[in-house]
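Colleague: Following this message is one structure expressed as C-alpha cells.
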Amino acid sequence: MSWMTHLTLALMVAVCSPAAMAADERPNFLIIVADDLGYSDLGSFGGEISTPSLDSLARDGVRLGNFHTAPTCSPTRAMMLSGADSHVAGLGNMGELLQPFQQGRPGYEGYLNERMVTVGQVLQDAGYNTYTTGKWHLGRTEETSPKARGFDRSFILVQGGASHFDDQHAIIAKDPKAIYREDGKQVEVPKGFYSSEFYTNRLIDYIEADKASNKPFMAVLSYTAPHWPLHAPDDWLDKYKGRYDAGYEPIRQARLERQKQLGIVAADTTPNTPMAKGLPNWSQLSDEQRKREARNMEIYAAMVSNMDYHIGRLLQYLEKTGKLDNTFIVFISDNGADGNSPLDLPGNKEWFASEFDNSLKNLGHKGSYADYGPQWAQVSSTPYPLFKGFTNEGGIRAPAIISAKMLKKAHLQGTVNKDMVHVMDLMPTLLDLAGVPALGKTFHGRPVQTISGKSMRPLLEGQAMAERQIGWELFGRKALRKGDWKITLVNPPYGTANWQLYNLKADPTESRDLSQAEPAKMKEMLVAWDQYAKENNVLDGKFDLKYGFETCLYEYCFK
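For the record, in the sequence shown the residue sitting at position 288 is 979 according to the working numbering, with numbers rising by one throughout.
See the structure below:
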C-alpha cells in the first residue's frame, strides 16, 4: 500500500471521526512564489547567491528541474490558483498590456475571471484556513481581490510591482501609486515597510491568530523580490560588494559548472545565449557602465538573499509551533529572469528623470529605480535562451522545490526530478493531498471551467508523470510541448516569425532547429498547436508594444 493510500485513509478517518473538529490531521500547504527569479540564481540550482533556507528545503525534498510557468507573472498566477490555462482564466494577456483585438473577449478580462474557482475557494470550503500575502496582480477591485476568491485573510499588492519601501511608488508612470488591500479594503503600508519582511510578518500573524482553530491552513506567500525596482535594506546592500566586478561570463560559466555537478543539467550542456552578439560584452562597456552593471547585480543578489532570510524565519516559526513536519511546501519563481527594461513602459523615461535619484551612490536605496538588464538576466537563465516574456525555455522554465517532511520518502530527498511539470499542476496536487474531490463542472450551483492541471502524485510516489501536450502564447509568441518535442514561434529580432522544432531531450537549450529535418513531427506538432489554440481561445493579432519588443543596454540594442 502506497504512502498516498495510507494518507487518504487517514484523511477519511480524520474527517469522518467525531474528534475531527478537535484534531484535523490533514496537511498544511505553503506555496512560496518569488518574482522574476532566474533558473540558476539559487544555490541549489547552481547560483553563487547565498540561499541557505531554500537550499535546506531542496535537501529535504525534490528540485523540479523541468518546471514550467507562463512567460510573465499574472498569467502564471492565474494558472497557479485556478489550475487552468491563462487564456481561459482571464489572463490571456497581462491586464495592463491588453491589445485592441483582445479587449472585451472571453479569457482576456485582465483579471481572474468568475468562470474559475480558485484553490483557495475549494480548500476554504473543505475547512481550511486560507491566507495570502504579497503580490496579487489578478484584479484591482475589492470584488476581484483575494477576499472574494477564497482567502480568509490577505494583504496584497494589487499591481505587478512596486517600490519595496514605504514610499508606495508603483512601477508605471501612468499608474504611479502602489495600491495595497487587506481583506479586500484599500490600505496604506506602515512606515519602515520593506516588502519581503512585511509580507512574511503578516503571514505569520495570520497563522498565529488562528492557532487555536485546529484547522489546517493553505497559504500563498507571494514575494515581489527580486522584481525591479531593485531595492534592499541598508544592512544588506553591500553583502555582495565586488562579487560581480569580473562581469557576466565568469558568473555564467561558474553557474553552469555547478549545475552540472548538482545534476541540474547534463555534463555536456552548453549555454544558449542568442543575444550574445547583439548586446555588449563586459569589455565593450565603459568603466562607469561596468560599475553600474556590477552594482545592479549586487543589489539583485542581496534581494534574493534577504528573501531567503525571511523564508527561513517563516520555517523557524512553523517548526517552533509544531507545524513544519505536516506542511507541504512548494517554492517556485513565477517566470524566468527579467531582462526587459522598465524604461520601455509608457511614460517611464520622463518619470524616472523627474521622480527618482538613480545615481550610482543611491542605487538600491529608497527613491531609486533600477533593473539589472538583459545580460544579467541571460546569466540568471543559464543555460537556457532568453528570459521573461518569451516562450523559449529561458522565459518559461523556472526553479521549483517541493519539500515535505510529511511525505517521509527518503528516495525524494535531495533529488532533481526531470519530469515535465507545469504551474497548473499545483492546484490539483493540493486538492489530491487534502483528500478533496476533483473540481466538477459546477461550484455552489454555478457552472465553472474544469481544470487542465494534473496532480503530481506520480512524481511524489517515484513514478513518471504521464506525457501530455501543453501550449503557451503571450505577446504573439507561441510554443507547444509534447513529450520531448517542442515547437516555438517568436517574432524578429529574437526569432524568425516561423515555427521552429526542437527535441529537448537531445537539445534542452533549443539550439538546433529540426523543422526541416523532421517534417512529419513538425506536422504533428502543428496539429497539436491548432487543437490547443482552439480549445483555449488563443487570439491572433498585431501587438503594438515597445516593452518586451526592444532590448537595449546603454547605447547598444539587439537587432
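Every residue gets a Cβ at the ideal spot worked out from N, C-alpha and C, and that includes glycine. On a predicted model such as this, the values are computed, not experimentally measured, just so you know.
Three-state secondary structure (DSSP) at residue 827?
Modeller: Residue 827: coil per DSSP, three-state reduction.
Colleague: Rounding to the nearest angstrom, what Cα-Cα distance links residue 797 and residue 1195 in this structure?
Modeller: Taking the straight line joining both Cα atoms gives about 33 Å.
Colleague: Taking only three categories from DSSP, how would you classify residue 1066?
Modeller: In the structure shown, residue 1066 sits in a helix (DSSP, three-state: H, G or I).
Colleague: Taking the alpha carbon of residue 1169 as the point to measure from, which residue in 1176, 971 and 1229 has its own alpha carbon closest?
Modeller: Answer by Cα proximity: 1229.
Colleague: List the DSSP bridge partners of residue 720.
Modeller: According to DSSP, which records beta bridges pairwise, residue 720 is partnered with 909 and 1019.
Colleague: Thinking C-alpha only, which one of 977, 1033, 1065 and 918 is nearest residue 993?
Modeller: Residue 993 has its Cα closest to that of 918, out of 977, 1033, 1065 and 918.
Colleague: Check this for me: beta carbons of residue 1223 and residue 1171, under 8 Å apart or not?
Modeller: Going by C-beta atoms, residue 1223 is nearer than 8 Å to residue 1171.
Colleague: So, helix, strand or coil for residue 1082, using DSSP?
Modeller: Reduced to three states, the DSSP call for residue 1082 is coil.
Colleague: Determine the closest residue to residue 1070 out of 723, 721 and 730, with distance taken between C-alpha atoms.
Modeller: Out of 723, 721 and 730, 730 has the C-alpha closest to the C-alpha of residue 1070.
Colleague: Give, in chain order, every unbroken run of the beta strand (DSSP E) that is at least 3 residues long and sits entirely within the segment 871–903.
Modeller: The segment 871–903 contains these whole beta strand (DSSP E) runs: 871–873 and 876–878.
Colleague: Taking the continuous beta strand (DSSP E) assigned at residue 1039, which residues delimit it?
Modeller: Segment 1039–1046 is the alpha helix (DSSP H) holding residue 1039; no beta strand (DSSP E) there.
Colleague: In or out: residue 1053 buried (at least 16 other Cβ within 10 Å) or exposed?
Modeller: With fewer than 16 other Cβ atoms within 10 Å, it is exposed.
Colleague: Can the beta-carbon of residue 811 be found closer than 8 Å to that of residue 909?
Modeller: Cβ distance < 8 Å, so residue 811 and residue 909 count as in contact.
Colleague: Per DSSP, residue 1194 forms a beta bridge with which residues?
Modeller: Bridge partners of residue 1194: 1176.
Colleague: Does DSSP put residue 1163 in a helix, in a strand, or in coil?
Modeller: It is a strand residue.
Colleague: Do residue 951 and residue 958 have their C-beta atoms within less than 8 Å of each other?
Modeller: In this structure, residue 958 lies closer than 8 Å to residue 951 by Cβ.
Colleague: Assign residue 673 to one of three DSSP states: helix, strand, or coil.
Modeller: A query on residue 673 cannot be resolved here, the shown segment of the chain reaching from 692 to 1250 and no further.
Colleague: Less than 8 Å between the CB atoms is what I'm expecting for residue 1027 and residue 1078, so what's the real figure, rounded?
Modeller: That belief holds up - the Cβ atoms of residue 1027 and residue 1078 are roughly 5 Å apart, short of 8 Å.
Colleague: At which residues does the alpha helix (DSSP H) containing residue 1001 begin and terminate?
Modeller: Taken as a continuous stretch (DSSP letters only), the alpha helix (DSSP H) holding residue 1001 covers 978–1011.
Colleague: For the segment 773–798, list the alpha helix (DSSP H) runs that are entirely contained and at least 4 residues long, ordered along the chain.
Modeller: Fully enclosed alpha helix (DSSP H) runs of 4 or longer: 777–780.
Colleague: Assuming residue 1119 and residue 1146 form a contact by the criterion Cβ under 8 Å, report the distance between their Cβ atoms to the nearest whole angstrom.
Modeller: With 8 Å as the limit, residue 1119 and residue 1146 qualify as a contact, their Cβ atoms being about 4 Å apart.
Colleague: When you compare only the Cα positions, how much space is there between residue 1059 and residue 1090?
Modeller: Residue 1059 and residue 1090: Cα-Cα distance of roughly 28 Å.
Colleague: Spell out the partners DSSP gives residue 1168 in its beta bridges.
Modeller: Residue 1168 is bridged to 1165.
Colleague: Tell me whether the beta-carbon of residue 1134 lies closer than 8 Å to the beta-carbon of residue 808.
Modeller: Cβ distance < 8 Å, so residue 1134 and residue 808 count as in contact.
Colleague: Just the C-alpha distance for residue 1040 and residue 830, rounded to the nearest angstrom, thanks.
Modeller: Their backbone Cα atoms lie some 26 Å apart in a straight line.
Colleague: Using a threshold of 8 Å, state whether the C-beta atoms of residue 1243 and residue 1032 are closer than that.
Modeller: Yes.
Colleague: Pair every Cβ in the segment 1079–1087 with every Cβ in the segment 994–1001, then say whether three or more of these pairs are closer than 8 Å.
Modeller: Cβ pair count under 8 Å is below three, so no.
Colleague: Compute the Euclidean distance between the alpha carbons of residue 774 and residue 1122, then round it to the nearest angstrom.
Modeller: For residue 774 and residue 1122, the distance between alpha carbons rounds to 11 Å.
Colleague: Applying the 10 Å Cβ sphere with the 16-neighbour rule, what's the burial state of residue 1144?
Modeller: It is buried - the Cβ of residue 1144 has at least 16 other Cβ atoms within 10 Å.
Colleague: Looking only at its own chain, which residues have a Cβ that is under 7 Å from the Cβ of residue 885, when we skip the five neighbours before and after it?
Modeller: For residue 885, where only same-chain residues beyond five positions count, the Cβ hits under 7 Å are 855, 856 and 924.
Colleague: To the nearest angstrom, how far is it from the Cα of residue 1046 to the Cα of residue 1057?
Modeller: Straight-line Cα distance between these residues: approximately 11 Å.
Colleague: Is the beta carbon of residue 838 less than 8 Å from the beta carbon of residue 915?
Modeller: It is not a contact, given that the beta carbons lie outside the stated cut-off.
Colleague: Comparing alpha-carbon positions, which option in 1203, 913 and 1212 lies nearest residue 964?
Modeller: For residue 964, the nearest C-alpha among the options comes from 1203.
Colleague: Taking only three categories from DSSP, how would you classify residue 836?
Modeller: The answer is coil: DSSP assigns residue 836 none of H, G, I, E or B.
Colleague: Does residue 932 pass the burial test, meaning 16 or more other C-beta atoms within 10 Å, or should it be called exposed?
Modeller: By the neighbour-count rule (16 or more Cβ atoms within 10 Å), residue 932 is not buried but exposed.
Colleague: Within this structure, are the beta carbons of residue 905 and residue 719 separated by less than 8 Å?
Modeller: Not a contact, by the Cβ cut-off of 8 Å.
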